[in-house]
Amino acid sequence: MLKQRRHLFEFLFLAVDVLVVSFAWVAAYWLRFETGLIEVQKGIPPFSRYLSMVLFIWLIWAFVFKRMGLYRPMRGVRRSIEIWRLLNANALALLLFLAATYLLWEKQAEMSRLVFVYFGVLAVLLTVLQRSVLRFVLQELRRRGYNIRYMLIVGIGKVAADIISRVRLRR
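In this text, residue positions in the sequence shown follow this note's numbering: the first is 30, and each later residue adds one.
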């Protein structure tokens, strides 16, 4: 049962991660070409050119996040460590994406470097925000009695009391 639940949470985190990163890609295009923050010199490329890359974004981010252990249970991990892991994973995924983009698309059409900068920043910010929200929701559910693991301590004495105090400290 625990393994099935873990796989469900893993899938949900992965699905939300790729959706958030896809949103960051679309938002980066919008920031660059639709807001007018920085003047466009060479004309606005069709959105379809950038949208065609979303599948590669899904594959790269899912692969990197999985390989870097971002879908393992993080109950005891401090938030700062999780943010550091997300930062590293996003940086590696972005580098792989830049390489794939250069090899597969750059020769046919020029890509805006500013879109990649916006995308990198947005991907980190949005995945950290999304993970923080999910962590808060899961903590709130646990506080209300959902997704709790139970433990039976057999025995009495100093060893049992030490185990109980350690378990209570980790809550």
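All C-beta atoms, glycine included, are put in the ideal place defined by N, C-alpha and C.
Measuring straight from C-alpha to C-alpha, what distance separates residue i and residue j?
{"i": "Ser77", "j": "Val50", "result": "17 Å"}
{"i": "Met82", "j": "Leu60", "result": "17 Å"}
{"i": "Lys71", "j": "Arg160", "result": "37 Å"}
{"i": "Leu37", "j": "Arg164", "result": "15 Å"}
{"i": "Leu125", "j": "Phe85", "result": "10 Å"}
{"i": "Val106", "j": "Glu169", "result": "17 Å"}
{"i": "Pro102", "j": "Gly65", "result": "42 Å"}
Buried or exposed: where does residue i fall if 16 or more other Cβ atoms within 10 Å of its Cβ makes it buried?
{"i": "Asp191", "result": "exposed"}
{"i": "Asn119", "result": "buried"}
{"i": "Leu198", "result": "exposed"}
Candidates the options: which alpha carbon is nearest residue i's?
{"i": "Trp54", "options": "Val196, Ala152, Gly186", "result": "Ala152"}
{"i": "Phe92", "options": "Ser81, Leu123, Pro74", "result": "Leu123"}
{"i": "Gly218", "options": "Phe42, Leu127, Arg171, Ile67", "result": "A query on residue 218 cannot be resolved here, the shown segment of the chain reaching from 30 to 200 and no further."}
{"i": "Met180", "options": "Arg173, Gln168, Arg171, Val196", "result": "Val196"}
Please work out which residues of its chain come closer than 6 Å, Cβ to Cβ, to residue i, disregarding the five sequence neighbours upstream and downstream, and give them in chain order.
{"i": "Val157", "result": "Ile112, Leu115"}
{"i": "Gly149", "result": "Leu123"}
{"i": "Trp87", "result": "Val47"}
Going by beta carbon distance, what residues of the same chain come within less than 7 Å of residue i, once the five residues before and after it are set aside?
{"i": "Tyr147", "result": "Ala57, Leu60, Arg61"}
{"i": "Glu39", "result": "Tyr100"}
For residue i, which residues in the same chain have their Cβ closer than 8 Å to its Cβ, ignoring the five residues on either side in sequence?
{"i": "Leu121", "result": "Val93, Met97"}
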